[in-house]
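Q:
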Ligand SMILES: [Ca+2]
Ligand SMILES: [Ca+2]
Ligand SMILES: [Ca+2]
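Numbering (my numbering), first residue to last: -15 to 249.
(1) Residues near ligand 1, CB to any non-hydrogen atom under 6 Å, in chain order?
(2) Can you tell me whether residue 103 is buried or exposed? The criterion is at least 16 other CB atoms within 10 Å of its CB, across all chains shown.
(3) Quick check: the Cα distance between residue 251 and residue 82, rounded to an integer number of angstroms?
(4) Between the segment 186 to 198 and the segment 82 to 92, do at least 3 Cβ pairs fall closer than 8 Å?
(5) Going by CA-CA distance only, name the one from 126, 144, 78 that's closest to residue 112.
(6) According to DSSP, is residue 238 helix, strand or coil?
(7) According to DSSP, which residues form a beta bridge with residue 206?
(8) For ligand 3, which residues have a Cβ under 6 Å from at least one heavy atom, in chain order?
(9) Determine the extent of the alpha helix (DSSP H) in which residue 187 is found, giving its start and end residues.
(10) So what does residue 87 bridge to, in DSSP terms?
(11) Roughly how many angstroms separate the alpha carbons of residue 142 and residue 219, rounded to a whole number?
(12) List the DSSP bridge partners of residue 164.
(13) Is any non-hydrogen atom of ligand 2 found closer than 7 Å to the C-beta of residue 32, if you look at the structure I gave you?
(14) Under 7 Å from any heavy atom of ligand 2, does the C-beta of residue 106 make it?
(15) For residue 51, which residues of its own chain have a beta-carbon under 8 Å away from its beta-carbon, when the five flanking residues on both sides are left out?
(16) Between 63, 122, 214, 95, which has its C-alpha nearest residue 24's C-alpha?
(17) With a threshold of 6 Å on Cβ separation, who are the neighbours of residue 64 within its own chain once the five nearest residues in sequence on each side are excluded?
(18) CB of residue 39 to nearest heavy atom of ligand 2: below 7 Å?
(19) Any heavy atom of ligand 2 inside 7 Å of the beta-carbon of residue 130?
(20) For residue 39, which option in 115, 55, 74 has the closest C-alpha, if you only look at C-alpha atoms?
(21) Please list, in chain order, all residues of the same chain as residue 124 whose beta carbon is under 7 Å from its beta carbon, the five residues on each side excluded.
(22) In chain order, what residues of the same chain lie with their CB nearer than 7 Å to the CB of residue 137, ignoring the 5 residues before and after it?
(23) With H, G and I counted as helix, E and B as strand and the rest as coil, what does DSSP make of residue 62?
(24) Our contact map puts residue 168 next to residue 203 with C-beta atoms below 8 Å; I'd like the distance itself, whole angstroms only.
(25) Anyone know if the C-beta pair for residue 150 and residue 216 falls short of 8 Å?
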């Protein structure tokens, strides 16, 4: 009887020791949309290449307007000179389904604490090729370059958290907070870095302490050689769990208790 009590206590101690780390390390999973394009002046899989992919190069800020469109997508800014974009119509196709130039699928990225116990979550992929082996799959050097991605999530603005958002990557990245452009890394370029602090933009972006807001990320991979996607944020973004992840965590705990009991017998 006494031995059984000790066994149970040991098992309980093992579970309670591992539980906080599992809870703290719960990843933030963002499910998004990917649109695959072919290179300009090519036709592959019966789909024509797009004029804005594998064509013009260079930094190109101001491609999008400061306010998201009514459909929740970036709107081309015709008032600016944008040498890497052919037209408003060509830009529209970046983030809208159009089987004449793109093929659409879904993808997930998983953000984890950047170090043990950190409240900053990050996702870094210096070989960001989520369309490899999928969709149109026109490859160059073994990778499917030429695609766009978009992610939509929510967060609660808390002034006391002094939250930050950092991005590094290529090519274009447009981040919107509360429907307004907060970060513009537009253009076809090597990996570039941008960031913002929520408290610094709260007045201009109409953020009220304790209220919920949208965070929308639009990215484009438009040139071969490299594809980098790296973001870090202290914002507790609304996560969409991977199917079955909670059930797997439960099974892992049951397995741990079982192994502890067996080990003591
Ligand atoms: Ca421009
Ligand atoms: Ca492609
Ligand atoms: Ca690139």
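We treat Cβ as the ideally placed atom computed from N, Cα and C, and that holds for glycine.
Predicted model, so just to flag it, every value in this text is computed and none were measured.
A: Answer, in terms of the structure:
(1) 44, 45, 46, 47, 64, 65, 66
(2) exposed
(3) Residue 251 falls outside the range modelled here, since the chain spans only -15 to 249, and no answer is possible.
(4) no
(5) 126
(6) The predicted position of residue 238 is uncertain, since its pLDDT is 45 and thus under 50; no value can be drawn from it.
(7) DSSP output for residue 206 lists no bridge partner at all.
(8) 154, 155, 205, 207, 210, 211
(9) 182 to 189
(10) 20
(11) 9 Å
(12) 51, 161
(13) no
(14) no
(15) 59, 163, 164, 165
(16) 122
(17) 46
(18) no
(19) yes
(20) 74
(21) 208
(22) 14, 199, 221, 222
(23) coil
(24) Not quite, the Cβ-Cβ distance comes to about 12 Å (not below 8 Å), so this is no contact.
(25) yes
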